[in-house]
Amino acid sequence: MTDLKSILVKFQSIIALLVLCVVLTILSDKFFTLENGWNIARQISINVCISVGMTMVILTKGIDLSVGSILAFSGAIAAGLLKYGLEIPSMNTYIGFTVFGAILAGLTVGGGLGVLNGWMITRFKVPPFVATLAMLAIARGATMLWTGGFPITGLGADFAIIGTGWFLGIPMPVWITVIVVVLAVILTKKTKFGRHIYAIGGNESAARLSGININKIKTWVYAIAGILAAVGGIILTARLDSAQPNAGMSYELDSIAAVVIGGTSLSGGRGSIMGTVQGALIIGVLNSGLVLLNVSPFWQQIIKGVVILLAVIMDRLNHPNED
Amino acid sequence: MKDQPNIILQAKNITKRFGGVIALDNVNLDVHLGKVNVIVGENGAGKSTLMKILSGVYPEYEGELLLNNEQVNFNNPKEAMRKGIAIIHQELNLIPYLSIAENIFLGREIHNAFGILDSRQMVKQTKKLLERLDCYLNPKTLVSELRVGEQQLIEIAKALLEDAKIVIMDEPTSAISDTEVESLFKIIANLKKHNVSILYISHKLDELFLIADRFIGLRDGKTVGTIEQVEGATKDDLIRLMVGRDIKNIYEKDAVTFGDEILKVKDICLPKATNKSCFLIENINFSVRKGEVLGLFGLMGAGRTELLETLFGLHPKIMTGSVFIDNKEVKIKSVMDAIQNGMGLVPENRKEDGLVLPMEISKNVSMACVDKVVKNGFLNSELESLLSKKYIESLNIKTPSEKQLSKNLSGGNQQKVVLAKWLATNPKVLFLDEPTRGIDVNAKNEIYHLINTLAKEGLGIVVVSSELPEIMAISDRILVLSNSKISGEFNQGNANEEAIMKAATA
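Dropping the structure here:
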């Protein structure tokens, strides 16, 4: 009896996902098709990338509200450099960028902003909520400045492959996401760094007294969150063949939703990358299903909110003794 | 003719189950009016569960409660409070950024017809209440500015506001200094005068004789007997009541031959971060040899914990002085440096600073030396299990497996996990800050023997304890701290309680 219960608890996200799929398959003949499957996978790939970073942040008892803005800025940087290069009038220089160079620059900018988040949080003890809220505004403003408020489009076929291409019968964004997830699972479960993330979230004070360099680990975690937001930004830009100044608005909320639905505790120390992937899948499948069923977008929002609440209530019931 | 005791509260055949586990098994308990009723028992004996039933935290149980011979059943703590039963919890439940008066009147604020608070009235009543307890704090003081002992007093005042007839105190002296204990005992005496009945739980057997009117023993969820005559009763009687067997109470340390000097500290100072001319510890010099157990005694605030923290690299920027290990000067700028130089620290508060409670035992054990369980760059769970199994065996940690979450262990076993974490780093010097706080008698004895064994293996050990009998039993040498400075040094031979206490209050 207790065994059955603990199995149910352990696999509750997967069970919820399966039930959801079965119901949608019955309700719509368009749901259970290969085409729709790839659609969902492509759509959630960006959220999964961001949410992997968010999971690590939340495991340390932090939060990162700036991922949507960092996504937009990194995407815009990559697009701008690719299309126009970098002109430095004062030095009379022009630097052109290859696709690879532009992507690298985008990732660097994302990581850099993440490091800045981490620095504020560890050096100046700014609460993560506030530090990343400020970054949300700053990076969005920087995106507007960089783009002048207009989309940067026409980025070329080589770049577009990242968002729209296929490799071995699987869409490129899905490949990228799978690689990100596999690396993140290894990082969190199999390395010293990952162990320290869990230790810090479980009890920061005990972790410090065990000789763990809290500031270093935290800074890295925010840097990774920034880099993964940039990965999302590059996929999105490539898919649309356009860097939109308002890209990624409120993505941080979808990401937090995926993490929470996936069973990661906001009080830190408990949760997993695979849980978050399941959380993102639930959101993605639900979105797709509701669209296929012609549910009004207004109702879609409400349903999503209810699902988040249900997930957290289940989590509370399973872990009654946590704050 | 013997006086017939006046029984105010009676618990009859109380049984409480949690799932399949029986926490209380047919417990009978009488609370005598105007007396200090002391409950003794090992950890896990069911004391806290019983208190939670009496104070309405657990409304579901078998058996009955009689208050003044009238059957009562509390659905929540508020109902118990209304009937005059108040509980002062081990952890204080005050709100730091509210004033004393606001805390005392929390949930029963005085207000006028428009809902506007009458703070003048509340302050006035608080003042009266505090005066009853011989306390002259300003009711407008923020609770965050109070010492722990004072905060406890506020909790008691809160209970008195509700006109509590029975006050339950769960380990009230575990976090306060000896002077504060003294004033707490005065308050208890004062309450008795007003015919308030006290139910008192504590692990500190020595202090109980100062206040107890009677003892009730609880063991494995059963009441095992009472001692109605406190006069003439001894500590051994109490221990027999608790554990039901004669355990060797006074632990005897084996003689150890000391080796070379392993740790020496010179002129260690730690100024206050806010005021550099004020010291938390000042000019501390001492040394420890291999195999030696050095006891550090001092009252609350004397600087014991600060000293260990400073040596362990927690205040690298403001500390001054030098540290030598194996006769070589070492620079300790971080906890990492301390660990690499062979130091380990078992902190005072194992739940807050010692363990990651939601993590497995094995992961806690490897936490300070993760590199030992890394193979080819990745964590290796086999190595990790082996490492923790080694210590589960050698320290006799009671657990079904090394994968058990640390939060599911008893206090004594948790403490052993913290100890295992440090032993796994192969330290040369081990700092133990209150290593037996809040753990039961048997576990305490085990820890004492472990300390002895480790010393024999050649470790240098520094133990901080605020329990005199403990520090006298386990140390080869005792340093006394008072007002941030060393105020006395005693060898095992010439140490006696009065002399040490005198140095501690110097």
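Residue numbers (numbering that gives the first Met the number 0), protein chains in the order written: chain X, 0 to 322; chain L, 0 to 505.
Just so you know, even glycine gets a beta-carbon here, dropped at the ideal spot from N, CA and C.
With a 10 Å radius around its C-beta and 16 neighbouring C-beta atoms as the bar for buried, classify residue i as buried or exposed.
i: L:F73; result: buried
i: L:I94; result: exposed
i: L:D245; result: Low per-residue confidence applies at L:D245: pLDDT is 46, beneath 50, and the placement is therefore not dependable enough to give any value.
i: L:Q228; result: exposed
i: L:M50; result: buried
i: L:H205; result: Per the sequence shown, residue 205 of chain L should be read as Asp rather than His. L:D205 is exposed by the Cβ-count criterion.
i: L:D266; result: exposed
i: L:V416; result: buried
i: L:Y390; result: buried
i: X:L26; result: exposed
i: X:Q300; result: exposed
So residue i is in the alpha helix (DSSP H); what residue range does that whole segment cover?
i: X:M90; result: Careful: X:M90 lies outside any alpha helix (DSSP H) and carries neither H nor E.
i: L:Q491; result: Counting along the chain, L:Q491 falls outside any alpha helix (DSSP H), and DSSP gives it neither H nor E.
i: X:S12; result: 11-26
i: X:T146; result: 127-146
i: X:V116; result: Here residue 116 of chain X is Asn; the residue named in the question, Val, does not match the sequence. Its alpha helix (DSSP H) spans residues 98-122.
i: L:L50; result: Inspection of the sequence shows that residue 50 of chain L is occupied by Met rather than by Leu. 46-53 is the extent of the alpha helix (DSSP H) around L:M50.
What span of residues does the beta strand (DSSP E) with residue i cover, start to end?
i: L:Y512; result: In the structure as shown, chain L begins at 0 and stops at 505. Residue 512 of chain L is therefore absent and cannot be evaluated.
i: L:I38; result: 35-39
i: L:I84; result: 84-87
i: L:D266; result: 260-270
i: L:Q9; result: 6-17
i: X:I312; result: First-last for X:I312: 296-317, but that is the alpha helix (DSSP H), not the beta strand (DSSP E).
i: L:R436; result: Taken as a continuous stretch (DSSP letters only), L:R436 belongs to no beta strand (DSSP E), as it is neither H nor E.
i: L:I283; result: 278-288
Can you name, in chain order, every residue of its own chain whose Cβ lies under 6 Å from the Cβ of residue i, other than the five neighbours on each side?
i: L:K157; result: I103
i: L:I226; result: F214, A232
i: L:N494; result: The sequence shown places Ala at residue 494 of chain L, not Asn. The answer, listed in chain order, is M471, I477.
i: L:K247; result: Low confidence applies here, because L:K247 scores a pLDDT of 47, under 50, leaving its location unreliable and the question unanswered by this model.
Assuming residue i contacts residue j under a Cβ cut-off of 8 Å, what Cβ separation, rounded to an integer in Å, is found between them?
i: L:S483; j: L:E281; result: 5 Å
i: L:R303; j: L:L295; result: 5 Å
i: L:S321; j: L:I360; result: Not really, about 37 Å apart at Cβ, beyond 8 Å.
i: X:L106; j: X:A246; result: Not quite, the Cβ-Cβ distance comes to about 16 Å (not below 8 Å), so this is no contact.
i: L:L217; j: L:A44; result: 5 Å
i: L:L356; j: L:V372; result: The pair is not a contact, with the Cβ atoms about 20 Å apart (cut-off 8 Å).
i: X:S323; j: X:A206; result: Absent from the model: residue 323 of chain X. The displayed extent of chain X is 0 to 322, so no value can be given.
i: L:L269; j: L:E305; result: 6 Å
i: L:K262; j: L:G459; result: Correcting the residue type first, residue 262 of chain L is Leu in the shown sequence and not Lys. Confirmed, about 5 Å.
i: L:V255; j: L:F285; result: So it is not a contact: roughly 18 Å between Cβ atoms.
i: L:V462; j: L:I473; result: 6 Å
Using a Cβ-Cβ cutoff of less than 7 Å, which residues in the same chain neighbour residue i once the five nearest sequence positions on both sides are dropped?
i: L:K397; result: N412
i: X:A279; result: I43, N46, V47, S50, A257
i: X:W37; result: P170
i: L:V35; result: I187, K191, I197, Y199, I210, A211, D212
i: X:F31; result: T24
Run through chain L and tell me which residues come within less than 7 Å of residue i, C-beta to C-beta.
i: X:G210; result: V334, M335, I338, A367
i: X:S204; result: E351, D352
i: X:R41; result: Correct list: empty, because the minimum Cβ distance to chain L is about 32 Å.
i: X:R207; result: V334
Chain L partners of residue i, CB-CB under 9 Å?
i: X:R122; result: Neighbours of X:R122 on chain L: none; closest Cβ ~14 Å, over 9 Å.
Excluding the 5 residues preceding and the 5 following residue i in the sequence, name in chain order all residues of the same chain whose CB lies nearer than 8 Å to its CB.
i: X:I211; result: H195, A198, I199
i: X:F209; result: The amino acid occupying residue 209 of chain X in the given sequence is Ser; Phe does not appear at that position. Here the set comprises A198.
i: L:G55; result: F73, N74, N75, P76, K77, E78, A79, M80, I84
i: L:S276; result: P270
Closer than 8 Å by beta-carbon distance: list the chain X residues that pair up with residue i, in chain order.
i: L:F377; result: I185, K189, T190
i: L:L356; result: G201, N202
i: L:K374; result: By Cβ distance, chain X contributes nothing, its closest Cβ being about 10 Å from L:K374, past 8 Å.
i: L:K420; result: S209
i: L:K427; result: Residues of chain X passing the Cβ test: none, with the nearest at roughly 15 Å.
Name the chain L residues that come within less than 8 Å of residue i, Cβ to Cβ?
i: X:Y83; result: Near X:Y83 there are no residues of chain L at all, since even the closest Cβ is about 41 Å away, more than 8 Å.
i: X:G262; result: By Cβ distance, chain L contributes nothing, its closest Cβ being about 13 Å from X:G262, past 8 Å.
i: X:R269; result: P357
Report the neighbours of residue i on chain X: residues whose CB is nearer than 7 Å to its CB, in chain order.
i: L:P58; result: Within chain X, no residue comes near L:P58; the closest Cβ sits about 17 Å away, beyond 7 Å.
i: L:K330; result: Here the premise fails: no neighbours, minimum Cβ distance about 16 Å.
Just the chain X side, please: which residues come within less than 9 Å of residue i by C-beta, in chain order?
i: L:L344; result: L208
i: L:K275; result: Chain X residues near L:K275: none, gap ~22 Å exceeds 9 Å.
i: L:K402; result: Here the premise fails: no neighbours, minimum Cβ distance about 14 Å.
What I want to know is whether the C-beta of residue i ends up closer than 7 Å to one or more non-hydrogen atoms of the ligand SAH.
i: L:E281; result: In the structure on display, the ligand SAH does not appear, and there are no ligands present to speak of.
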